[in-house]
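Encoded as structure tokens, the structure appears first; notes follow it.
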Amino acid sequence: MDIIPHQAGPACSVTLQGALDIYAAAEVRTRLAELIAQHPLVELQLTAVDEIDASGVQILLAAKQQASNLEHSLKLSGHSPAVIDALELCGLLAYFGDPVVEFGHTTAPKEHA
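Under full-length UniProt numbering, the sequence shown has 42 at position 42, and the numbering climbs by one with no breaks.
Set out below in structure tokens:
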């Protein structure tokens, strides 16, 4: 998993590339925690995430919670098909609240009852 931060003032855009899985979990969690603590706005670009497992979903949840605890913002963008599938399977698209781009169209996350 490659973690590529791009800073623009107080905001930070982070591109994740590769597998967001148990093997990358420790490194990704640590690096995201550092970036979220340093920046009031972090945007995770997920276009290049080609695989995600339960630990990857947990990393996204932990990052969202940390940002909330610090009164910072974490946004997800460019959801790859793997990320969309995992978040839908877990019923978490609405939890993150970010628009999801599917097949070139932007849609709002569906609310789950």
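For each residue, glycine too, the CB sits at the ideal point set by N, CA and C. All of these numbers come straight from a predicted model, not from anything done at the bench.
Endpoints, the alpha helix (DSSP H) within which residue i is located
i, result
"E71", "Element bounds for E71: n/a, residue is neither H nor E."
Enclosing beta strand (DSSP E) for residue i [first to last residue]
i, result
"P5", "D2 to A8"
Proximal residues to residue i (C-beta, below 7 angstroms), its chain only, five neighbours per side dropped
i, result
"residue 114", "In the structure as shown, the chain begins at 1 and stops at 113. Residue 114 is therefore absent and cannot be evaluated."
Opposing strand residues paired with residue i [DSSP bridges]
i, result
"residue 120", "In the structure as shown, the chain begins at 1 and stops at 113. Residue 120 is therefore absent and cannot be evaluated."
"V28", "DSSP output for V28 lists no bridge partner at all."
Option in the options with minimal Cα separation from residue i
i, options, result
"V14", "L87, I36, P99 and A82", "I36"
"S73", "C12, D2, I3 and L89", "C12"
"T47", "S80, H6, Q7 and A86", "S80"
"D2", "S68, A62 and E27", "E27"
Cut-off 8 angstroms between Cβ atoms - residues of its own chain near residue i, not counting five sequence neighbours on either side
i, result
"E51", "G18, A19, L20, D21 and A82"
Pick out the complete alpha helix (DSSP H) segments inside the region 33-93, 4 residues or longer, and give them in chain order.
-> 54-69 and 81-89
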